[in-house]
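Next up, the structure:
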């Protein structure tokens, strides 16, 4: 899973890359976690990306500031990294925003676990790199909400390939296509 501007996944099962129909991008970020939720750019409502992506975090933070809550600095100068750092320093609004984003991701991860029963889940991307709170909250909720036994599931933070994971995954898909 890559958690950043969007929420994306890559799935490998029995050594094979699992592809979607017509090889379009995955839609994990558009899994609905709130039936009455916010409108997503995809046209649906309540998608994980509305809450758990960097854009979703910034939007939620800005909405709370517009309601009168105190920002960490000028709103137009705040990045999701600033919010992650402020959350680590116990800023109430930042911490609440990051935790709520992680809860939506954790709900989606629990659904993913119930559907595919994976052995390992690797979470990476800018949000994972910049916020231990985001990672820990999402994993804790996923483990608690999963219907299936989670004794065999291992979560990894950042993964072996770090920030190169997306480009290496694309290269692996290309190589697999050439060899098959």
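Residue numbers (my numbering): 41 to 220. Backbone N, C-alpha and C fix where the C-beta goes; we use that ideal spot for every residue, glycine too. Computed from a prediction, not measured in an experiment: that's the story for all the values here.
Output the distance between the C-alpha atoms of residue 153 and residue 87, rounded to the nearest integer angstrom. 17 Å
Please list the segments of the alpha helix (DSSP H) lying wholly inside the segment 69–148, counting only runs of 4 or more residues, in order along the chain. 88–92, 94–106, 120–128
Could you say which of 123, 179, 151, 49 lies nearest to residue 135 if we only look at CA atoms? 123
Does the segment 168–176 touch the segment 50–58, meaning 3 or more C-beta pairs lie closer than 8 Å? no
Name the residue from 74, 96, 63, 180 whose alpha carbon lies nearest to the alpha carbon of residue 137. 96
Can you tell me whether residue 184 is buried or exposed? The criterion is at least 16 other CB atoms within 10 Å of its CB, across all chains shown. exposed
Classification of residue 147 by the beta-carbon crowding that lies within 10 angstroms, buried from 16 upward: buried
Same chain, Cβ closer than 8 Å to residue 111, neighbours up to 5 away in sequence not counted: 101, 105, 118, 133
Using DSSP with H/G/I as helix, E/B as strand and the rest coil, what is residue 163? strand
Distance check for residue 47 and residue 68, CA to CA, integer angstroms please. 7 Å
Since residue 178 and residue 149 should fall inside the 8 Å C-beta cutoff, what is the C-beta to C-beta distance between them, to a whole number of angstroms? 6 Å
Counting C-beta neighbours from all protein chains within 10 Å, is the total for residue 103 16 or more, i.e. buried, or is it exposed? exposed
Neighbour flag for residue 148 against chain D, beta carbons, 8 Å: Although the question refers to chain D, the structure presented lacks it and comprises just one protein chain.
Assuming residue 197 is part of the beta strand (DSSP E), what are its boundary residues? 194–197
In or out: residue 79 buried (at least 16 other Cβ within 10 Å) or exposed? exposed
For residue 74, which residues of its own chain have a beta-carbon under 6 Å away from its beta-carbon, when the five flanking residues on both sides are left out? 86
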